[in-house]
Amino acid sequence: MADKAGDLPGKDAGGEERAERAEAGSGAGSEEAGRPPMTEAQRVVLERCIRALKEATKDSQTLAALLLITRLCPANDLDKDTLRRIFEAVGLSLPARLLVTAYRRSESSSLSPLDLLSLGTALLSALSTDSEMAEHPQLLTTVPILLGLVASGPMLEDPASGTEATSCGAASPGDAETGADGAAAASTASASKETRGGGGRLDEAMAADCYQVLMAVCASPRGPDHLLSRGAVPALCQAVERKQTLSREKGLRLLGGLLTGKTRERAWRKHTVELLGLLLRLCGDFAQASPDARLDSCSQLVRFLPTPVVAASSGELKEAVGRVWTALRPMVQSRLTAQMLGPVLVLSACLLDLYGWQPVGPPNFCCLLVNRACVEVRVGLEGPPGTELSSELQQTLAGCYRIMEAAFEQACCQRDAEPDAEPQSSGPSLSLQQSRQVFKVLEGGFAALMYYLQQVNAAQYDDPFVFATYRCVCLWLAEETSCLKEEVMALLPFLVGYARSHLQSAASGEQLAAWMELMSMDEDKDTWNGREALRYLLPALCHLSAEDKPRKVLLSLDVPALLVDFLSQSWSSLKEKSWAVPERNPSMESMCSTLLNFAVTEPDRVRSDPCFRVLEAHLSDALPQLVSKPGLLVLAANYCTLGLMMARLKTAPAGRIEAGQRRFFSMALRFLRTALDSSGAPGPVQVSATWKESWYEVAELWRLSLQALCACLREQPGLAALLREDGWLRHVLDTLQRCSALPDPQSQASLEEVLCAAARLCNVCREDVAEAVKSQTGALSSMSSLKKTLG
1 MADKAGDLPG
11 KDAGGEERAE
21 RAEAGSGAGS
31 EEAGRPPMTE
41 AQRVVLERCI
51 RALKEATKDS
61 QTLAALLLIT
71 RLCPANDLDK
81 DTLRRIFEAV
91 GLSLPARLLV
101 TAYRRSESSS
111 LSPLDLLSLG
121 TALLSALSTD
131 SEMAEHPQLL
141 TTVPILLGLV
151 ASGPMLEDPA
161 SGTEATSCGA
171 ASPGDAETGA
181 DGAAAASTAS
191 ASKETRGGGG
201 RLDEAMAADC
211 YQVLMAVCAS
221 PRGPDHLLSR
231 GAVPALCQAV
241 ERKQTLSREK
251 GLRLLGGLLT
261 GKTRERAWRK
271 HTVELLGLLL
281 RLCGDFAQAS
291 PDARLDSCSQ
301 LVRFLPTPVV
311 AASSGELKEA
321 VGRVWTALRP
331 MVQSRLTAQM
341 LGPVLVLSAC
351 LLDLYGWQPV
361 GPPNFCCLLV
371 NRACVEVRVG
381 LEGPPGTELS
391 SELQQTLAGC
401 YRIMEAAFEQ
411 ACCQRDAEPD
421 AEPQSSGPSL
431 SLQQSRQVFK
441 VLEGGFAALM
451 YYLQQVNAAQ
461 YDDPFVFATY
471 RCVCLWLAEE
481 TSCLKEEVMA
491 LLPFLVGYAR
501 SHLQSAASGE
511 QLAAWMELMS
521 MDEDKDTWNG
531 REALRYLLPA
541 LCHLSAEDKP
551 RKVLLSLDVP
561 ALLVDFLSQS
571 WSSLKEKSWA
581 VPERNPSMES
591 MCSTLLNFAV
601 TEPDRVRSDP
611 CFRVLEAHLS
621 DALPQLVSKP
631 GLLVLAANYC
641 TLGLMMARLK
651 TAPAGRIEAG
661 QRRFFSMALR
671 FLRTALDSSG
681 APGPVQVSAT
691 WKESWYEVAE
701 LWRLSLQALC
711 ACLREQPGLA
721 ALLREDGWLR
731 HVLDTLQRCS
741 ALPDPQSQAS
751 LEEVLCAAAR
761 LCNVCREDVA
771 EAVKSQTGAL
781 SSMSSLKKTL
791 G
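Sequential numbering from 1 applies to the sequence shown in UniProt numbering.
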């Protein structure tokens, strides 16, 4: 799901992710407030040192000036303007040259390679605290070297053997001068080689400097892309595998930042093997850790879970997830505080997203997990109106929502299964009593969501948490409208108002749009356009519009006009994006079903509401374009049925038919006759190849269209002649004479009803039908009502 459990930010969309990326670098500078002022003498000396930095012609002069500055005043005590002046005076070329010199073992250098590396990384660390410096191309060229250092340590040249062993995952020294692309290429090439020589581990200070630079780069707007293209994922995975310095404390945090947001799917696609290997290790560590360590690891493990595509292809990971569930059970069963339980529930929700209920455990534990999630939801949402929800609580509740959704989906599957069917292996087999208990608990949880949404005002419509809550309620209502009737009726104004607001003011939802973009795993997916809110509500509207009381409320909220507007927008979007080879559009089909409910049950509203005139014009214009698109057959059937159902409510004065209506009827007749294959051998008629795949979905629509056509003939007798002129009557009679039966008795009864109406209303049609019936062949011979009509 686009809003994966545990990834829901609080009030600032993406803020939590950016904060985590920058966390390692946040300590490099200090708060200006409370800093003791420099003395006048210190300022004079500092200005001389900065001037010396600018005038230095040798690296030794630059380093001497820097040493004086650090002794005079530590970097943490300098204000931002002074730091910027020092950074600009030093520049990025010096630390890059230091790193290069360390690897080349230049004899002109009086410092050892390790000292050069230490100086270079320390300078880069200080420079990277400036956000502009962190994005500088020259700093980015050093990233592969830094990644090599954290992955393999300082693999320097061995003077005795003359062999140079660069860091695995690092660029060759010259790459610091050849640009980012060359450095990344060299890093990738060297990462595949076996390291030689002593190598060793970085000291903690140098490792901290390397991670500070990498974290600063990651916190920049395009930082994750820069790191991903320069081999950060395999290098960091290798650092953890080799237990390098700070790899657990900082390396995993940095890697978690790369696996968050839009780079997640690309990282998993490019480095599946490395990331799966790391995840299996983390799962194993989690399963073997102490209870306290597991609590601390829940949030970390969430960030390393793969995309569903990767998870589905790894049997080894599925086994590892089963072991994680085994470790989670006592945590769910124990008495944890709400703050401690939150990460456990979020991790549980994410694991459910990957493999469903099968590896979770016995039915009793599954029921307990659902109960704990619902209790947390009720405690969190049923507070007094105006209660502010912290971002941590919102994260927990988002995870609880996913657990509730998964439980409800599983319960619906078991409820809808055939009584004699084998139990499904994808989830726990609950007893009848357990199923009732789960439904009761879920009912309480969803009631809490509805209570919360009733407190939401229009100023909160852009809040991602409100959207997540709204979406969860819509998923419940898509399947269940028989309980909580009063609560649902009271909530309908909010649900419709929320959907309408986003549909009509899509541009205003900037925070929600940013969150949707951040949570999307598909980098090519369209940005938020305001239609998603109403799209989630459509299945519920389809159910509710079929019930009398809810339908009256929907009509009072002008829902038909909202749906017509949405249908027009969706049609325009469909034609713009994928008209050459269009895919099915379930949302448009659901809209048609809801509007069809109104057309069947509210004829007066259809006659009087102007939006139905707009809809009629749209259907007349769109149906001719739909019938030529086999991939949109179900939508075409919906358009045809809806148009005929509305047309039956109109009466043509003096037998005259409007040109637009005549055009629609003609196209509808041509479309309907393509359902049956009249070219086959004698025997039962076959559904045509075009319709066959979707017949179970469109058969009822086809029959309903014929019934609506019959009603149209009664109201507008002039249409009967059109049956003959367009060839529909001849096609049907030929088919019925040739075949012995139709696909089902209901279809035969619907066709017979239309033939009877045509014979009664049009003398020419009556003659054609009578002649065909006289042959006493095929399915016509069994149509007793038609024979009775003909006399």
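Virtual Cβ for every residue (Gly too), placed ideally from N, Cα, C.
Option nearest residue i by Cα separation, candidates the options
{"i": "G718", "options": "E392, K650, L124, E700", "result": "K650"}
{"i": "V379", "options": "L368, C400, V685", "result": "C400"}
{"i": "S608", "options": "A770, P560, Y470", "result": "P560"}
{"i": "A208", "options": "L146, G200, A540, D225", "result": "L146"}
{"i": "R97", "options": "T141, L351, C73, V309", "result": "T141"}
{"i": "Q433", "options": "A411, V732, A448, M450", "result": "A411"}
{"i": "C710", "options": "H543, S747, L755, P682", "result": "L755"}
{"i": "V324", "options": "G257, D285, Q437", "result": "D285"}
{"i": "L83", "options": "C542, L595, I50", "result": "I50"}
{"i": "E479", "options": "L537, L786, G497", "result": "L537"}
{"i": "G643", "options": "P630, R656, R613", "result": "R613"}
{"i": "G683", "options": "T735, F665, A637", "result": "T735"}
Beta-carbon gap between residue i and residue j smaller than 9 Å
{"i": "W728", "j": "L780", "result": "no"}
{"i": "G322", "j": "P363", "result": "no"}
{"i": "residue 793", "j": "M489", "result": "No answer is possible for residue 793: it lies beyond the span of the chain, which begins at 1 and ends at 791."}
{"i": "V233", "j": "L252", "result": "no"}
{"i": "A647", "j": "C712", "result": "yes"}
{"i": "V553", "j": "F494", "result": "no"}
{"i": "R673", "j": "L632", "result": "no"}
{"i": "V90", "j": "L66", "result": "yes"}
{"i": "T396", "j": "A338", "result": "yes"}
{"i": "S678", "j": "N597", "result": "no"}
{"i": "S297", "j": "L282", "result": "yes"}
{"i": "V627", "j": "M667", "result": "yes"}
{"i": "L149", "j": "L139", "result": "no"}
{"i": "V344", "j": "M331", "result": "yes"}
{"i": "H618", "j": "S573", "result": "no"}
Extent of the continuous alpha helix (DSSP H) to which residue i belongs
{"i": "E697", "result": "695 to 715"}
{"i": "Q358", "result": "Careful: Q358 lies outside any alpha helix (DSSP H) and carries neither H nor E."}
{"i": "D548", "result": "548 to 556"}
{"i": "C739", "result": "Premise fails: C739 is in no alpha helix (DSSP H) and is neither H nor E."}
{"i": "P144", "result": "143 to 152"}
{"i": "K54", "result": "40 to 55"}
{"i": "N763", "result": "763 to 774"}
{"i": "S578", "result": "559 to 578"}
{"i": "M133", "result": "131 to 134"}
{"i": "R656", "result": "First-last for R656: undefined, no H or E at that position."}
{"i": "L66", "result": "59 to 72"}
{"i": "residue 794", "result": "Residue 794 falls outside the range modelled here, since the chain spans only 1 to 791, and no answer is possible."}
{"i": "Q625", "result": "610 to 626"}
{"i": "N638", "result": "633 to 647"}
{"i": "R335", "result": "Taken as a continuous stretch (DSSP letters only), R335 belongs to no alpha helix (DSSP H), as it is neither H nor E."}
{"i": "P137", "result": "137 to 140"}
{"i": "P234", "result": "232 to 241"}
{"i": "C283", "result": "272 to 288"}
Per-residue DSSP class, three states only, for residue i
{"i": "L790", "result": "helix"}
{"i": "Q748", "result": "helix"}
{"i": "V600", "result": "helix"}
{"i": "V687", "result": "strand"}
{"i": "D677", "result": "strand"}
{"i": "R531", "result": "coil"}
{"i": "M783", "result": "coil"}
{"i": "P37", "result": "coil"}
{"i": "G778", "result": "helix"}
{"i": "S505", "result": "coil"}
{"i": "H226", "result": "helix"}
{"i": "F304", "result": "coil"}
{"i": "Q212", "result": "helix"}
{"i": "D734", "result": "helix"}
{"i": "K262", "result": "coil"}
Would you list, in sequence order, the uninterrupted beta strand (DSSP E) runs of no fewer than 3 residues that lie entirely inside the stretch 85 to 111? none
Along the chain, which unbroken stretches of the beta strand (DSSP E) at least 3 residues long are found entirely within the stretch 426 to 471? none
Beta strand (DSSP E) segments (min. 3 residues) lying fully within the stretch 366 to 417: none
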